[in-house]
Amino acid sequence: MNKILSLFLITILLISKVMSSSEECKLCTDFMYDSLNELIEIAINGGVIGSCGALCNKLGIAPLCMVCAIACDAVGINGFMDLLQDVFPDPIYICESVKMCQYNDKANATITEVVINPMSGNVGDTFKIGVSFNVTNTIATGEILWNVVDPRGFQFGETEVIIDAAPSIYGAAFSFQATPSEQEEFPPGEYQLQMQICEGTCGSPHPHSYILSNQYLNFTII
């Protein structure tokens, strides 16, 4: 389903008060990851903005404007602008600040296994990554982060948001294709896979953000 249509339908549920807290948080984080840079640009270059409506309507797409207005109204236009103009704008922290996501400063989790296949491969191969982790105290809103460091020290990776992960064993899978590009040449040598589980955003300086567990694994591209 088109992401904009999905946001519209979810927003209707939110307004009608039938959305769970986890669904509300996902709505906010999806919106912030997609629209944060545009909102920052509007906040910096949009002139005098005196209301949440004036800010959010500049997004130009009704579902995005609706989610923006819900978040902005929770803290007021001045509070929302402060969040957008922070030195380290953080989608999860913003969603927590506008009360659309929860946090748990006692969250606890341990990575139990990280695998990559193949352990030694060629340029052009697809590398599959797997991670298992044990949550022993609920992760309210956090991330799985994987990062690959090449032999020259350049990095690439992705994150996946975790919402309301109650104590249990969890797993996730990722992949990347080692196809050279302007961003990553994939030189031959030893690479390091870095895996982190976090409450909040991994590496964020904001409150309620910290690394719960990390693990490293080396692999080779020939």
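Our numbering puts the first residue of the sequence shown at 1235, with every later residue one more than the last. Even for Gly, the Cβ is constructed at its ideal location relative to N, Cα and C. The structure presented is a predicted model; accordingly, all values stated were derived computationally and were not measured.
query                                                                                                                                                                                                : result
Pairs of beta-carbons, one from the region 1273-1290 and one from the region 1336-1352, closer than 8 angstroms: are there three or more?                                                            : no
Please go through the same chain and pick out, in chain order, the residues whose beta-carbon is closer than 7 angstroms to the beta-carbon of P1422, but skip the five residues on each side of it. : I1455, I1456
Using the C-alpha atoms, what's the distance from G1358 back to S1447?                                                                                                                               : 31 angstroms
Beta-carbon within less than 8 angstroms of Q1417's beta-carbon, same chain only, minus the 5 sequence neighbours each way: which residues are those?                                                : F1390
Taking the alpha-carbon of Y1444 as reference, which of E1258, P1352, N1338 has the nearest alpha-carbon?                                                                                            : N1338
Within 10 angstroms of its Cβ, does G1284 collect 16 or more other Cβ (buried), or is it exposed?                                                                                                    : exposed
For D1307, collect the residues of the same chain with a Cβ closer than 7 angstroms to its Cβ; drop the 5 residues on either side in sequence, then sort them by chain order.                        : C1286
Using the Cα positions of H1442 and S1269, report the straight-line distance between them to the nearest angstrom.                                                                                   : 22 angstroms
Quick check on the DSSP output: what are the complete beta strand (DSSP E) runs of length 3 or more inside the region 1321-1373, in order along the chain?                                           : 1342-1351, 1360-1371
In angstroms with no decimal places, state the Cα-to-Cα distance between K1362 and E1257.                                                                                                            : 29 angstroms
For E1433, which of helix, strand or coil comes out of DSSP?                                                                                                                                         : strand
If you check the beta carbons only, do H1440 and D1324 fall under 8 angstroms apart?                                                                                                                 : yes
Using 8 angstroms for Cβ pairs, my map puts M1334 next to A1305. What's the rounded Cβ distance?                                                                                                     : 6 angstroms
Compute the beta-carbon to beta-carbon distance between P1457 and E1424, rounded to the nearest angstrom, for a pair I have assumed lies under 8 angstroms.                                          : With the chain covering only 1235 through 1456, there is no way to say anything about residue 1457.
Is it true that the CB of Q1411 sits closer than 8 angstroms to the CB of T1360?                                                                                                                     : yes
Between the C-alpha atoms of V1395 and N1356, what's the straight-line distance to the nearest angstrom?                                                                                             : 30 angstroms
What would DSSP say about G1387, mapped onto helix, strand or coil?                                                                                                                                  : coil
Counting beta carbon pairs with one atom in the region 1363-1375 and one in the region 1396-1405, are three or more of them shorter than 8 angstroms?                                                : yes
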